[in-house]
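Notes follow the structure.
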Amino acid sequence: AQSVTQLDSQVPVFEEAPVELRCNYSSSVSVYLFWYVQYPNQGLQLLLKYLSGSTLVKGINGFEAEFNKSQTSFHLRKPSVHISDTAEYFCAVSARSYGQNFVFGPGTRLSVLP
Amino acid sequence: DAGVTQSPTHLIKTRGQQVTLRCSPISGHKSVSWYQQVLGQGPQFIFQYYEKEERGRGNFPDRFSARQFPNYSSELNVNALLLGDSALYLCASSLGPTRQNTGELFFGEGSRLTVL
């Protein structure tokens, strides 16, 4: 079984400042890793994913994440945030064997302040 | 191309009633999954269907059931509704176990169920 921890439930940050949203996971098998964003009253949109290869993954809207196997982490970063980045961010894992039973973290609410 | 579509978008039911939620996957996707997202929490896996067969089930009571049709659309049924069933129900589609599958799920905008 897999589990996901997002250590920060809320992250306030000023516009144009950098931000890091933390994600740690546990799993007894190899996993794929994902970050999804959810804007108010909407579904989930994929930001980026790590399947294999380079541990630094670039996604949409200027976000990137780094997979660290030894620390079982997949932290999300953006060097300069915008007001429009205000949303809920979810880290998720799925086992590499087909099943795609995604396990989501509890989410981090990013609030970008003017 | 159309994304994942879900209906209805909002609905209100009373305790004890039954509800059916519908989902149409992205064209070409053969796998549909259902997730429950309670306010303030991450989505929780309910069911996965592929080629009309159940491939996975989360830790939900038997009041929850689903099916997938030959055109790969899906329905989620919840019987004997409880207040705690109030949530956003998300449908997600994917290609299924193919070499083209990049592993991600594509989500619809959800059906928001309120149980009074």
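Going line by line, the protein sequences match chains A and B.
Count along the first sequence starting at 1, add 1, and that's the number in the working numbering.
Count along the second sequence starting at 1, add 16, and that's the number in the working numbering.
All C-beta atoms in this analysis are idealised placements derived from N, C-alpha and C, irrespective of residue type, glycine included.
Residue i and residue j closer than 7 Å at C-beta
i: residue 58 (chain A); j: residue 20 (chain A); result: no
i: residue 38 (chain A); j: residue 49 (chain A); result: no
i: residue 37 (chain B); j: residue 105 (chain B); result: yes
i: residue 45 (chain A); j: residue 123 (chain B); result: yes
i: residue 47 (chain B); j: residue 112 (chain B); result: yes
i: residue 28 (chain B); j: residue 130 (chain B); result: yes
i: residue 7 (chain A); j: residue 92 (chain A); result: yes
i: residue 103 (chain A); j: residue 95 (chain A); result: yes
i: residue 90 (chain B); j: residue 65 (chain B); result: yes
i: residue 54 (chain B); j: residue 103 (chain B); result: yes
i: residue 16 (chain A); j: residue 80 (chain A); result: no
i: residue 40 (chain A); j: residue 88 (chain A); result: yes
i: residue 26 (chain A); j: residue 5 (chain A); result: yes
i: residue 120 (chain B); j: residue 43 (chain A); result: no
i: residue 110 (chain B); j: residue 26 (chain B); result: no
i: residue 127 (chain B); j: residue 22 (chain B); result: yes
i: residue 57 (chain B); j: residue 95 (chain B); result: no
i: residue 66 (chain A); j: residue 36 (chain A); result: yes
i: residue 68 (chain A); j: residue 75 (chain A); result: yes
i: residue 92 (chain B); j: residue 30 (chain B); result: no
Three-way DSSP call (helix, strand, coil) for residue i in this model
i: residue 102 (chain A); result: coil
i: residue 53 (chain A); result: coil
i: residue 61 (chain A); result: helix
i: residue 84 (chain A); result: helix
i: residue 13 (chain A); result: strand
i: residue 70 (chain A); result: coil
i: residue 25 (chain B); result: coil
i: residue 20 (chain B); result: coil
i: residue 89 (chain A); result: strand
i: residue 135 (chain A); result: There is simply no residue 135 (chain A) to check, as chain A begins at 2 and stops at 115 in what is shown.
i: residue 1 (chain A); result: Residue coverage of chain A in this structure runs from 2 to 115, which leaves residue 1 (chain A) outside it and unanswerable.
i: residue 97 (chain A); result: coil
i: residue 121 (chain B); result: coil
Opening and closing residue of the beta strand (DSSP E) in which residue i lies
i: residue 39 (chain A); result: 32–39
i: residue 45 (chain B); result: Residue 45 (chain B) -> no beta strand (DSSP E), and no H or E assigned at all.
i: residue 25 (chain A); result: 25–28
i: residue 38 (chain B); result: 35–40
i: residue 111 (chain A); result: 109–114
i: residue 129 (chain B); result: 127–131
i: residue 30 (chain B); result: Premise fails: residue 30 (chain B) is in no beta strand (DSSP E) and is neither H nor E.
i: residue 3 (chain A); result: 3–6
**Prompt:** Can you give, in chain order, each stretch of the beta strand (DSSP E) that sits fully within the region 52–117 of chain B and has at least 3 residues?
**Reply:** 60–66, 69–73, 80–84, 90–94 and 103–110
**Message:** Taking beta-carbon pairs under 7 Å, can you tell me which members of the region 77–94 of chain B lie near chain A?
**Reply:** none
**Interface residues of the region 41–70 of chain B facing chain A [CB-CB below 9 Å]** = 47, 49, 51, 53, 56, 57, 58, 59, 60, 61, 64 and 66
**Against chain A: residues of the region 120–131 of chain B by CB proximity under 7 Å** = 120, 121, 123, 124, 125 and 126
**Asked** Which of the residues in the region 30–47 of chain A, read from start to end, lie with their CB under 7 Å from any CB of chain B?
**Response** 33, 35, 43, 44, 45 and 47
**Prompt:** Taking a cut of 9 Å between CB atoms, which residues from the region 102–114 of chain B lie near chain A?
**Reply:** 104, 106, 107, 108, 110, 112 and 113
**Message:** Please identify, using Cβ separations under 7 Å, the residues of the region 76–94 of chain A that lie next to chain B, in order along the chain.
**Reply:** 91
**Prompt:** Can you list, in chain order, the residues of the region 50–70 of chain A whose Cβ is nearer than 9 Å to any Cβ on chain B?
**Reply:** 50 and 52
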